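According to the working numbering, the sequence shown holds residues -5 to 195 in order.
Heads up, the thing below is written out as structure tokens.
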Amino acid sequence: MIRRDEAGEKHIADVMTENGLVIEFQHSHLPTQEMAAREAFHRNMVWVVDGTRLKRDRSRFLEARSSFRPTSMKGIFVVLWPNEGFPSTWLNCAVPVFFDFEDFGTAKEVSGPNRDILWCLLPERAEGRAVVAAISRSMFLDAAQKRAQIVPSRRIMEMIAAELRHERAVAELNARRWAYSHSPHPKWRSRPFRWHRRSRY
């Protein structure tokens, strides 16, 4: 689909759904300026990136995958160092980026169901942490046909940020309790309590 901006410049979208969602498939290198220009123009869009473009992409992701920390939300993970598993070009996008690592690794490294997964790096950060969503291909296609968003990224980021703040508050409270219980307190000597009857005279 071809769309034009106010200056008359053409912007070509790979797919635009009936709900106004633009899906861009990227198999080759794309300059950062071009990426930003497309995101600014389309706004409601997602990238679907070939996760096997470079030789090391598959193995890097596989190694980093073991460090993804699960959250209370099914299929949502917190990632401290996203640059270890995802290409640096896509780390700061303003829209969701779905990485397709189809057939990466060997049969022993990745079980059957995991081969059907697209890994979505959500835009922005939650308390300084990257957030990744595991989405099946069938779920992706179904959402693209029925909704204006594949994943509710803003709501997910808000919920994960709240969860991380709660975890930090609990950890700080436990640390203070531990420090208090292990700090040297003065030992008060107990004295027997005695009643003293006041003299009437």
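Ideal Cβ placement from N, Cα and C applies to all residues, glycine included.
Keep in mind it's a predicted model, so treat the numbers as computed, not measured.
In the structure shown, the three-state DSSP call for GLU18 is strand. PRO90 and LEU56 do not touch by the CB rule: their CB atoms are close to 22 angstroms apart, not below 8 angstroms. Around the CB of LEU74, fewer than 16 other CB atoms lie within 10 Å, so the residue is classed as exposed. By the CB criterion at 8 angstroms, ARG123 and VAL42 fall outside the cutoff. Contact between the stretch 53 to 68 and the stretch 24 to 41 is absent, with fewer than three C-beta pairs closer than 8 angstroms. Relative to the Cα of GLU12, the nearest Cα in the group ALA156, GLN143, SER22, VAL164 belongs to GLN143. A distance of 8 angstroms or more separates the beta carbons of ARG52 and PHE92. Only residues of its own chain outside the window of five on either side were considered, and among them none has a CB closer than 7 angstroms to the CB of PRO146.
The alpha helix (DSSP H) runs lying completely inside the stretch 119 to 180 and spanning 4 residues or more are 131 to 140, 147 to 176, given in chain order. DSSP places LEU56 inside the alpha helix (DSSP H), whose first and last residues are 51 to 59.
Each residue's CA atom was taken as its position, placing ASN77 and PHE35 some 26 angstroms apart. The shortest CA-to-CA distance from VAL125 to any of LYS140, ARG141, ILE150, MET133 is the one to ILE150. Ranked by how close their Cα comes to the Cα of GLN139, the residues GLY14, ALA7, ASP8 have GLY14 in first place.
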